[in-house]
Amino acid sequence: MFKIIKKWKELEYLAYHDSLTGLLNRNWLYKNINNIKTKYVYFIDINNLHKINEKGHTFGDEYMKNIIATIKHNGTLLRYAGDEFILFSNYENEVKTNKYYSVGFSEVNQNLIEAIQKADNEMIKSKKYSKTKLINNER
Numbered sequence: 737m738f739k740i741i742k743k744w745k746e747l748e749y750l751a752y753h754d755s756l757t758g759l760l761n762r763n764w765l766y767k768n769i770n771n772i773k774t775k776y777v778y779f780i781d782i783n784n785l786h787k788i789n790e791k792g793h794t795f796g797d798e799y800m801k802n803i804i805a806t807i808k809h810n811g812t813l814l815r816y817a818g819d820e821f822i823l824f825s826n827y828e829n830e831v832k833t834n835k836y837y838s839v840g841f842s843e844v845n846q847n848l849i850e851a852i853q854k855a856d857n858e859m860i861k862s863k864k865y866s867k868t869k870l871i872n873n874e875r
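The opening position of the sequence shown corresponds to residue 737 in my numbering, with each subsequent residue numbered one higher.
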């Protein structure tokens, strides 16, 4: 019986945590979406991970884990998908775009799902700006 309980707890952990990073995952987000209390949403995307993965996906996995470990935050960080992460925080300007990752930001007014979508859209703009800026600076 103890083995079954232990396995159940392992499976439950894996259901709500990312196996690579150990962070909470999208399943956890959707299970808890109505209970998350936060003022701000940050949508974070690792820059140029596809180029890093050309050295091998194991190398890319380690790179991603190292980059995520550098994000200092006071909130809940989760892996949303692939190289995308969401941070729920009560602090403004906590994470900003840099050469390693692009960040979109949104204030949560009423609807958390809308705030996530807005932060995602802002991240896309940030990523485009970063690429344009980098291309223009390389000339």
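For every residue, glycine included, the Cβ atom is placed at its ideal position computed from N, Cα and C.
Just so it is clear, the structure is predicted and the values come from calculations on it, not from any experiment.
The beta strand (DSSP E) runs of length 3 or more contained entirely in the stretch 739-796 are, from start to end of the chain, 776-782.
The DSSP-derived three-state label of residue 822 is strand.
Assignment of beta-bridge partners to residue 843 by DSSP yields 776. The beta carbon of residue 756 lies closer than 8 Å to those of 797, 800, 801, 815 in the same chain, with the five residues before and after it left out. Among the bridge pairs identified by DSSP, residue 812 is matched with 824. Shown here, residue 837 sits in a strand according to DSSP, grouped into three states. Across the structure, residue 819 and residue 842 are spaced so that their CA atoms are roughly 19 Å apart.
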